[in-house]
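Take a look at the structure below.
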Amino acid sequence: MMGFSPVTVKESPVASSTGKNLTGNPRIARDIIADVYNTLQKWNDINIEGCKIVKEIAIIKGNNSKNYSDELEILTRELSKLVQKCSLVLEEISIYYDRMLALKKLDKEESPLFMSLSVDRMTKMIQVIQEAYLNELKNKRKVVENIAHSDCDNVAIFFAALWTYQIDLTSEVTTYLEALLTESGHRKIV
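Numbers in my numbering are just positions in the sequence shown, counted from 1, shifted up by 15.
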């Protein structure tokens, strides 16, 4: 029977710096990951606000699909403003991705920066997250362009669901974000 060889795990700079500030590339990466997370929380707040609006629009269209009232116009404008805010959030994410690319150019090592992920891998994960949110922004624009013009309540409900459930933000995106937070020491391993 063949035995297992021991695995040596490099100690994370985050774990070894208890009481001290991180410096260098680990600090830069950790700050970028925190910025990405905090920026995505802004997106979540915007999305929740939008959920309330699309629900109201769906109710109005459900009661009368031919309704093009002032209230509907106001709600659509509010939703459009939220999409603009989502666009600004994505601009911020793009800046953080660019910073991670710059860090990748500086970091010539293939070894993990913290525990298991290299800078290259973290950069790719942020890119996947960014692309998913970009696709979700496209969906939100479709909702704004179409929900008020729905000719039946089912179509309005579909667009409300498209906004609410954010189908492009898959479990992979959530897993990547959580992995980045855990890797950088923002989340504790339980």
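All C-beta atoms, glycine included, are put in the ideal place defined by N, C-alpha and C.
Check: Alpha carbon of residue 88 to alpha carbon of residue 113, nearest angstrom; Outcome: 38 Å
Check: Three-state class that DSSP yields for residue 123 in the structure shown; Outcome: coil
Check: DSSP three-state assignment for residue 205, whether helix, strand or coil; Outcome: coil
Check: Closest residue to residue 41 among 66, 96 and 122 (Cα-Cα distance); Outcome: 122
Check: Span of the alpha helix (DSSP H) around residue 137; Outcome: 134 to 161
Check: Residue range of the unbroken alpha helix (DSSP H) whose run includes residue 191; Outcome: 186 to 198
Check: Chain-order list of residues whose beta-carbon lies under 8 Å from that of residue 194 (same chain, five-residue window excluded); Outcome: 132 and 140
Check: Residue 101 and residue 155 closer than 9 Å at C-beta; Outcome: yes
Check: Among 98, 84 and 46, the one whose alpha carbon lies nearest that of residue 150; Outcome: 98
Check: DSSP state of residue 22 mapped onto helix, strand, coil; Outcome: Residue confidence is low: residue 22 scores 46 on pLDDT, short of 50, so the model does not pin down where it sits. Its coordinate-derived value is still stated next. DSSP places residue 22 in coil when its eight states are reduced to three.
Check: Neighbour-count burial assignment, residue 199, 16 or more Cβ in a 10 Å radius; Outcome: buried
Check: Closest by C-alpha distance to residue 160, when choosing among 92, 116 and 145; Outcome: 92
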